[in-house]
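Colleague:
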(Lines of atoms letter the chains of each structure in order from A and count residues from 1; the text may use other names and numbers.)
(Lines give C-alpha, C1' and ligand atoms only; values in the text may rest on other atoms or scores of the structure.)
Protein backbone atom coordinates (compact mmCIF):
# COMPACT_ATOMS: atom_id res chain seq x y z
CA UNK A 1 0.00 0.00 0.00
CA UNK A 2 2.84 2.39 0.86
CA UNK A 3 4.47 1.87 -2.53
CA UNK A 4 1.14 2.45 -4.26
CA UNK A 5 0.85 5.87 -2.62
CA UNK A 6 4.41 6.79 -3.62
CA UNK A 7 3.69 5.63 -7.16
CA UNK A 8 0.52 7.72 -7.31
CA UNK A 9 2.32 10.78 -5.91
CA UNK A 10 5.05 10.44 -8.53
CA UNK A 11 2.54 9.79 -11.27
CA UNK A 12 0.49 12.79 -10.14
CA UNK A 13 3.49 15.09 -10.08
CA UNK A 14 4.61 13.94 -13.53
CA UNK A 15 1.10 14.32 -14.88
CA UNK A 16 0.59 17.73 -13.26
CA UNK A 17 3.85 19.01 -14.76
CA UNK A 18 2.52 18.17 -18.22
CA UNK A 19 -0.96 19.40 -17.40
CA UNK A 20 -1.73 23.05 -16.88
CA UNK A 21 -5.36 22.46 -15.99
CA UNK A 22 -5.77 23.64 -12.36
CA UNK A 23 -8.84 21.42 -11.86
CA UNK A 24 -6.90 18.23 -12.74
CA UNK A 25 -3.98 19.32 -10.57
CA UNK A 26 -6.33 19.93 -7.63
CA UNK A 27 -8.08 16.54 -8.15
CA UNK A 28 -4.70 14.79 -8.20
CA UNK A 29 -3.65 16.52 -4.97
CA UNK A 30 -6.97 15.62 -3.33
CA UNK A 31 -6.57 11.98 -4.34
CA UNK A 32 -2.99 11.87 -3.03
CA UNK A 33 -4.13 13.41 0.28
CA UNK A 34 -6.94 10.85 0.55
CA UNK A 35 -4.55 7.95 -0.08
CA UNK A 36 -2.02 9.37 2.36
CA UNK A 37 -4.68 9.62 5.09
CA UNK A 38 -5.84 6.10 4.35
CA UNK A 39 -2.26 4.83 4.63
CA UNK A 40 -1.89 6.54 8.01
CA UNK A 41 -5.13 4.95 9.24
CA UNK A 42 -4.02 1.49 8.08
CA UNK A 43 -0.66 1.92 9.79
CA UNK A 44 -2.54 2.76 13.01
CA UNK A 45 -4.64 -0.40 12.70
CA UNK A 46 -1.51 -2.45 12.09
CA UNK A 47 0.11 -1.01 15.21
CA UNK A 48 -2.94 -1.90 17.32
CA UNK A 49 -2.82 -5.49 16.01
CA UNK A 50 0.73 -6.03 17.22
CA UNK A 51 -0.61 -7.11 20.62
CA UNK A 52 -2.54 -9.99 19.04
CA UNK A 53 -1.15 -13.49 19.47
CA UNK A 54 0.65 -14.98 16.50
CA UNK A 55 -1.45 -17.33 14.39
CA UNK A 56 0.81 -20.22 15.46
CA UNK A 57 -0.59 -19.94 19.01
CA UNK A 58 -4.18 -20.69 17.98
CA UNK A 59 -5.31 -24.00 19.39
CA UNK A 60 -8.48 -26.00 18.80
CA UNK A 61 -9.26 -29.65 18.33
CA UNK A 62 -12.22 -31.98 18.07
CA UNK A 63 -11.93 -35.75 18.05
CA UNK A 64 -14.54 -38.51 18.15
CA UNK A 65 -14.56 -42.26 18.48
CA UNK A 66 -14.61 -44.30 15.30
CA UNK A 67 -17.69 -46.27 14.31
CA UNK A 68 -16.59 -49.34 16.31
CA UNK A 69 -16.87 -47.70 19.72
CA UNK A 70 -14.44 -48.67 22.44
CA UNK A 71 -14.14 -51.12 25.31
CA UNK A 72 -12.10 -49.93 28.30
CA UNK A 73 -11.36 -50.86 31.86
CA UNK A 74 -11.30 -48.51 34.85
CA UNK A 75 -8.51 -45.93 34.74
CA UNK A 76 -7.86 -46.25 31.00
CA UNK A 77 -7.64 -43.20 28.73
CA UNK A 78 -10.20 -42.91 25.94
CA UNK A 79 -8.38 -42.56 22.61
CA UNK A 80 -10.53 -40.58 20.21
CA UNK A 81 -9.16 -41.71 16.86
CA UNK A 82 -11.31 -39.74 14.40
CA UNK A 83 -9.77 -36.25 14.46
CA UNK A 84 -11.98 -33.61 12.86
CA UNK A 85 -9.70 -30.66 13.62
CA UNK A 86 -6.31 -30.34 15.29
CA UNK A 87 -5.21 -26.72 14.92
CA UNK A 88 -1.88 -26.37 16.70
CA UNK A 89 -1.34 -30.16 16.71
CA UNK A 90 -1.84 -30.40 20.47
CA UNK A 91 -4.08 -33.50 20.49
CA UNK A 92 -2.41 -36.90 20.08
CA UNK A 93 -4.92 -39.49 18.85
CA UNK A 94 -2.47 -42.33 19.61
CA UNK A 95 -2.50 -41.51 23.33
CA UNK A 96 -5.79 -39.58 23.69
CA UNK A 97 -3.92 -36.76 25.44
CA UNK A 98 -4.22 -33.02 24.74
CA UNK A 99 -1.00 -31.18 25.66
CA UNK A 100 -1.18 -27.40 26.09
CA UNK A 101 1.41 -25.45 24.11
CA UNK A 102 -0.04 -21.96 24.54
CA UNK A 103 -1.05 -20.94 28.08
CA UNK A 104 -4.46 -19.34 28.42
CA UNK A 105 -8.14 -19.90 29.05
CA UNK A 106 -9.53 -22.91 27.23
CA UNK A 107 -13.03 -24.21 26.72
CA UNK A 108 -12.99 -28.00 27.13
CA UNK A 109 -15.94 -30.27 26.31
CA UNK A 110 -16.67 -33.96 26.32
CA UNK A 111 -19.74 -36.01 25.51
CA UNK A 112 -20.48 -39.70 25.87
CA UNK A 113 -23.07 -42.31 25.06
CA UNK A 114 -23.07 -45.89 26.28
CA UNK A 115 -24.93 -48.93 24.96
CA UNK A 116 -28.40 -49.58 26.45
CA UNK A 117 -28.43 -50.29 30.19
CA UNK A 118 -24.64 -50.05 30.52
CA UNK A 119 -23.84 -47.45 33.17
CA UNK A 120 -20.49 -45.70 32.78
CA UNK A 121 -18.54 -42.85 34.36
CA UNK A 122 -15.96 -40.82 32.47
CA UNK A 123 -13.92 -37.93 33.77
CA UNK A 124 -12.03 -35.05 32.20
CA UNK A 125 -8.58 -35.20 33.75
CA UNK A 126 -5.97 -32.44 34.07
CA UNK A 127 -2.49 -33.62 35.04
CA UNK A 128 -4.01 -36.62 36.84
CA UNK A 129 -6.72 -34.65 38.70
CA UNK A 130 -10.44 -34.84 37.91
CA UNK A 131 -11.95 -31.63 36.51
CA UNK A 132 -15.49 -32.89 35.76
CA UNK A 133 -17.47 -36.14 35.65
CA UNK A 134 -19.78 -37.57 33.00
CA UNK A 135 -22.29 -40.34 33.77
CA UNK A 136 -24.78 -42.40 31.76
CA UNK A 137 -26.97 -45.22 33.01
CA UNK A 138 -30.24 -45.57 31.13
CA UNK A 139 -31.03 -46.79 27.62
CA UNK A 140 -29.12 -44.64 25.15
CA UNK A 141 -28.32 -42.05 27.80
CA UNK A 142 -25.97 -39.25 26.84
CA UNK A 143 -23.89 -36.99 29.04
CA UNK A 144 -21.83 -33.90 28.29
CA UNK A 145 -19.73 -31.42 30.22
CA UNK A 146 -18.11 -28.13 29.29
CA UNK A 147 -15.64 -26.28 31.46
CA UNK A 148 -13.63 -23.09 30.90
CA UNK A 149 -10.29 -23.38 32.62
CA UNK A 150 -6.97 -21.51 32.78
CA UNK A 151 -4.18 -23.81 31.61
CA UNK A 152 -0.40 -23.54 31.56
CA UNK A 153 2.03 -24.69 28.91
CA UNK A 154 2.72 -28.41 29.33
CA UNK A 155 -0.60 -29.21 31.07
CA UNK A 156 -2.01 -32.54 29.92
CA UNK A 157 -5.73 -33.28 29.64
CA UNK A 158 -7.56 -36.47 28.73
CA UNK A 159 -10.80 -38.37 29.17
CA UNK A 160 -10.56 -41.38 31.48
CA UNK A 161 -12.93 -44.29 32.16
CA UNK A 162 -13.85 -44.35 35.86
CA UNK A 163 -16.42 -47.16 35.78
CA UNK A 164 -18.18 -49.19 33.13
CA UNK A 165 -16.58 -50.85 30.15
CA UNK A 166 -18.03 -49.67 26.85
CA UNK A 167 -18.75 -46.48 24.90
CA UNK A 168 -21.34 -46.59 22.12
CA UNK A 169 -19.98 -47.35 18.65
CA UNK A 170 -20.83 -44.30 16.60
CA UNK A 171 -18.58 -41.40 15.71
CA UNK A 172 -21.26 -38.80 16.41
CA UNK A 173 -21.96 -39.35 20.12
CA UNK A 174 -18.61 -39.55 21.90
CA UNK A 175 -16.28 -36.59 21.51
CA UNK A 176 -13.52 -34.62 23.16
CA UNK A 177 -12.86 -31.02 22.15
CA UNK A 178 -10.91 -27.96 23.27
CA UNK A 179 -10.40 -24.42 22.04
CA UNK A 180 -8.15 -21.62 23.24
CA UNK A 181 -10.40 -18.70 24.17
CA UNK A 182 -7.75 -16.21 25.30
CA UNK A 183 -3.99 -16.71 25.40
CA UNK A 184 -2.03 -15.52 28.41
CA UNK A 185 -1.07 -16.42 31.95
CA UNK A 186 -4.01 -16.23 34.34
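Numbering (mature numbering (1 follows the signal peptide of the UniProt record, and there is no 0)), first residue to last: -16 to -1, 1 to 170. Even glycine gets a Cβ: it sits at the ideal position worked out from N, Cα and C. Note that the structure is a prediction, hence the values are computed from the model and not measured.
What is the C-beta distance between residue 170 and residue 89, in whole angstroms, given that I count them as a contact (C-beta under 8 Å)?
Modeller: The Cβ separation is near 6 Å, so the contact holds.
Colleague: Which same chain residues end up closer than 6 Å to residue 198 when comparing Cβ atoms and leaving out the 5 residues on each side of it in sequence?
Modeller: Any answer about residue 198 is impossible in this case: the structure gives the chain only from -16 up to 170.
Colleague: Please report the residue range of the beta strand (DSSP E) in which residue 88 lies.
Modeller: From DSSP, the beta strand (DSSP E) with residue 88 extends over 88 to 97.
Colleague: Taking all protein chains shown into account, decide if residue 25 is buried (16 or more other Cβ within 10 angstroms of its Cβ) or exposed.
Modeller: Exposed, by the Cβ-count rule.
Colleague: Can you have a look at residue 138 and say buried or exposed, based on whether 16 or more other CB atoms are within 10 angstroms of its CB?
Modeller: Label assigned to residue 138: exposed.
Colleague: With residue 132 and residue 77 assumed to form a contact (beta carbons below 8 Å), what rounded beta-carbon distance in angstroms separates them?
Modeller: Contact flag wrong, Cβ pair sits at about 24 Å.
Colleague: Rounded to the nearest angstrom, how far is the Cβ of residue 47 from that of residue 68, given a contact under 8 Å?
Modeller: The Cβ separation is near 7 Å, so the contact holds.
Colleague: Give the straight-line distance between the Cα atoms of residue 74 and residue 122, rounded to the nearest whole angstrom.
Modeller: One C-alpha to the other measures close to 34 Å.
Colleague: Rounded to the nearest angstrom, what separates residue 44 and residue 15 at their Cα positions?
Modeller: When rounded, the distance between both Cα atoms is 45 Å.
Colleague: Mapping DSSP to helix, strand and coil, what is residue 110?
Modeller: Residue state, collapsed to three classes: strand.
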